[in-house]
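Presented below is the structure to which this report refers.
Residue numbers (my numbering): 1 to 226.
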């Protein structure tokens, strides 16, 4: 990219952050806890529960002045022209579920190595329909092992009540983003990782997220069948 385009993207994200901060603070009474747990230096993953369309943009807003962020998004979201324009300008990385996420994972891993940044992802793979934690997908376990960077767990409360799945318009509420202390998961040594390893790692991540929210961690039984 040219220097001008990089500056343009930076300015777009800055003003988009300021604009989104208005409804986050005034309409949703948004607040963050543990923001200091996001490392200032070195790439990391921010892995969060997913209950609403509000989650990705508002995590980006909350973390913006702490660290540069990108996030992974379902590729079908890029089919809409206006949404694609916004997602491309804020650094979203498309994931194709039909190809096992490989293409998106490669781009995300490259970004983690190239930039000092936080990559936001949602281990459950989609929004929860009832607001409760779901098992993490094996794919996130695969990605965590390949990325080999610190993980910052995040638990979101209030977003489901404000804008749940299948709702047409968000309601005012109180949304809290709680960030936990970074942790690492050691790589598999002496052999190639298997699906059971990915399921185990996904389960460990969801346990950390559940602990932050003071809720019960989901079992990995469902994830093991997918």
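Backbone N, C-alpha and C define an ideal beta-carbon position, used for all residues, glycine too.
Note to self: Counting C-beta neighbours from all protein chains within 10 Å, is the total for residue 48 16 or more, i.e. buried, or is it exposed?
What the structure shows: Residue 48 is buried by the Cβ-count criterion.
Next item on the list: Quick one: using the 10 Å Cβ neighbour count with 16 as the cut-off for buried, is residue 198 buried or exposed?
Entry: Residue 198 should be labelled buried.
Next item on the list: Could you tell me which uninterrupted beta strand (DSSP E) segments, each at least 3 residues in length, are contained entirely in the region 138-183, listed from first to last along the chain?
Entry: Entirely contained in the region 138-183, the beta strand (DSSP E) runs reaching 3 residues are, in chain order, 151-157, 176-179.
Next item on the list: Can you have a look at residue 67 and say buried or exposed, based on whether 16 or more other CB atoms are within 10 angstroms of its CB?
Entry: Only buried fits residue 67, as 16 or more other CB atoms lie within 10 angstroms of its CB.
Notebook entry, point to check: How about residue 61 and residue 160: are their beta carbons less than 7 Å apart?
Noted result: Contact: no.
Next item on the list: Please confirm if the region 127-140 is in contact with the region 152-167, defined as three or more CB-CB distances below 8 Å between the two stretches.
Entry: Enough Cβ pairs lie closer than 8 Å, so yes.
Next item on the list: Say whether the region 62-82 touches the region 24-37, bearing in mind that this needs 3 or more beta-carbon pairs closer than 8 Å, one atom from each stretch.
Entry: Per the Cβ contact rule, the region 62-82 is in contact with the region 24-37 (3 or more Cβ pairs under 8 Å).
Note to self: Am I right that residue 145 and residue 182 are in contact with their C-beta atoms under 8 Å? What's the rounded C-beta distance?
What the structure shows: Not quite, the Cβ-Cβ distance comes to about 16 Å (not below 8 Å), so this is no contact.
Next item on the list: Using 10 angstroms around the beta-carbon of residue 72, count the other beta-carbons present and answer buried if the total reaches 16, otherwise exposed.
Entry: With a threshold of 16 other beta carbon atoms within 10 Å, residue 72 meets it and is buried.
Next item on the list: Assign residue 43 to buried or exposed, taking buried as 16 or more other Cβ atoms, counted over all protein chains shown, within 10 Å of its Cβ.
Entry: So residue 43 ends up on the buried side.
Margin query: Let me check one thing: in DSSP terms, what residues is residue 120 bridge-paired to?
Written below: DSSP, once it has assigned bridges, lists 46, 71 as partnering residue 120.
Check: Any chance the region 135-149 sits against the region 193-207, with 3 or more Cβ pairs inside 8 Å?
Finding: Touching, per the Cβ criterion.
Item checked: Contacting residues, own chain, Cβ-Cβ under 8 Å from residue 89 (five flanking each side not counted) -> Excluding positions up to five away in sequence, the list reads 9, 12, 13, 16.
Checklist line | residue 6 versus residue 139 - alpha carbon distance | finding: Distance between the alpha carbons of residue 6 and residue 139: 31 Å.
Notebook entry, point to check: Which value, in whole angstroms, describes the spacing of the CA atoms of residue 151 and residue 112?
Noted result: Answer to the nearest angstrom: the Cα atoms are 12 Å apart.
Notebook entry, point to check: So what's residue 208 in DSSP terms, helix, strand or just coil?
Noted result: The DSSP-derived three-state label of residue 208 is helix.
Checklist line | Pairwise C-alpha distance: residue 28 and residue 175 | finding: The straight-line gap from Cα to Cα measures roughly 6 Å.
Check: Expressed to the nearest angstrom, what Euclidean distance is found between the alpha-carbon atoms of residue 217 and residue 2?
Finding: Distance between the alpha carbons of residue 217 and residue 2: 46 Å.
Margin query: Can you tell me where the alpha helix (DSSP H) holding residue 93 begins and where it ends?
Written below: Careful: residue 93 lies outside any alpha helix (DSSP H), inside the beta strand (DSSP E) at 92-95.
Item checked: Of the listed residues 77, 59, 104, 184, nearest to residue 156 (C-alpha basis) -> Cα-wise, what sits closest to residue 156 is 59.
Item checked: In DSSP terms, what residue 107 is bridged to -> Residue 107 is not bridged to any residue.
Notebook entry, point to check: For residue 32, which three-state DSSP category applies?
Noted result: In the structure shown, residue 32 sits in a strand (DSSP, three-state: E or B).
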